[in-house]
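Chemist: Chains as they are written, first to last, in this note's numbering: chain A, 3 to 114; chain B, 1033 to 1142. Where a beta carbon is used, it is the ideal one built from N, C-alpha and C, also for glycine. None of the values given here were measured: they were computed from a predicted structure.
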């Protein structure tokens, strides 16, 4: 039973399109995240969200928006995709500070 | 954004050798976590250290948190091919703020 699952695994799309990546966690965690991993494998936080607060990394373009229908889901919607958005996007969740994060297996987004 | 520098960036060693990976920052962290990531997968938590000077052992892996809670090291004894992967340190500065290091790609040659 997968703890953090995200779909799709691969996503190839054209510039200018709008796309969404879905994420679900069955761990009962309170906080969910989206990270972007670039070609050099550097992981950068994009958003963290719990049922009280959305924290946005100020460097994230406003074309990216998280949407959380409930505590177990945090989807990532991207408008007007650009070539530079190509990367692997990871969803993660956590419960307590210092308790460690559980990551999904990633979505490789390729914008052509 | 907190910067955590890992060294070395790449490491290729023979099976049975020992190695140490370093994670350094100028920032103080409330906890320091180590993850391992394999191709096509997300990072998987190995350990969390929270107290300055803390040492944790996980079989052949030894993790240490610096006294000032700004740095950490990962030591692997008698490396095995199964240890191959991308090792990431990550520092937590507060609630829901986890910043990752630059990564160390380890290859253990049989």
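1. With 8 Å set as the bound, which would you pick, yes or no: does the beta-carbon of residue 47 of chain A sit closer than that to a beta-carbon of chain B?
2. Helix, strand or coil, according to DSSP, for residue 68 of chain A in the structure here?
3. Please report the straight-line C-alpha distance between residue 1123 of chain B and residue 67 of chain A, rounded to a whole angstrom.
4. Going along the chain, which residues of its own chain have a beta-carbon closer than 7 Å to the beta-carbon of residue 5 of chain A, five neighbours each way excluded?
5. Hey, quick one: how far does the beta strand (DSSP E) through residue 1132 of chain B stretch, first residue to last?
6. Just the chain B side, please: which residues come within less than 9 Å of residue 66 of chain A by C-beta, in chain order?
7. With a threshold of 8 Å between beta carbons, is residue 1097 of chain B in contact with chain A?
8. Are the CB atoms of residue 32 of chain A and residue 52 of chain A within a distance shorter than 8 Å?
9. Three or more C-beta pairs under 8 Å: does that hold for the region 1037–1052 of chain B against the region 1134–1141 of chain B?
10. Could you please give me the residues that DSSP links to residue 1064 of chain B through a beta bridge?
11. Along the chain, where does the beta strand (DSSP E) that runs through residue 62 of chain A open and close?
12. Could you tell me which chain B residues have their CB closer than 8 Å to the CB of residue 91 of chain A, listed as they occur along the chain?
13. Where residue 15 of chain A and residue 1096 of chain B are concerned, what is the direct C-alpha to C-alpha distance, given to the nearest angstrom?
14. Contact between the region 35–42 of chain A and the region 1042–1055 of chain B is defined here as three or more beta-carbon pairs at a separation below 8 Å; is this criterion met?
15. So if I threshold CB-CB distances at 8 Å, which residues from the region 1071–1100 of chain B count as touching chain A?
16. Excluding the 5 residues flanking residue 1080 of chain B on each side, which residues of the same chain have their C-beta closer than 6 Å to its C-beta?
Modeler: Based on what the coordinates show:
1. It does; some Cβ of chain B falls within 8 Å.
2. Residue 68 of chain A: strand per DSSP, three-state reduction.
3. Whole-angstrom Cα-Cα distance: 25 Å.
4. 27, 28, 29, 104
5. 1129–1132
6. Residues of chain B passing the Cβ test: none, with the nearest at roughly 16 Å.
7. Residue contact check for residue 1097 of chain B against chain A: no CB pair falls below 8 Å.
8. yes
9. yes
10. B:1081, B:1123
11. From DSSP, residue 62 of chain A is part of no beta strand (DSSP E); its letter is neither H nor E.
12. Against residue 91 of chain A, chain B offers no close residue; the least beta-carbon distance is about 10 Å (beta-carbon pairs closer than 8 Å).
13. 44 Å
14. Short answer: they don't touch.
15. 1072, 1073, 1074, 1075, 1076, 1077, 1080, 1082
16. 1063, 1065
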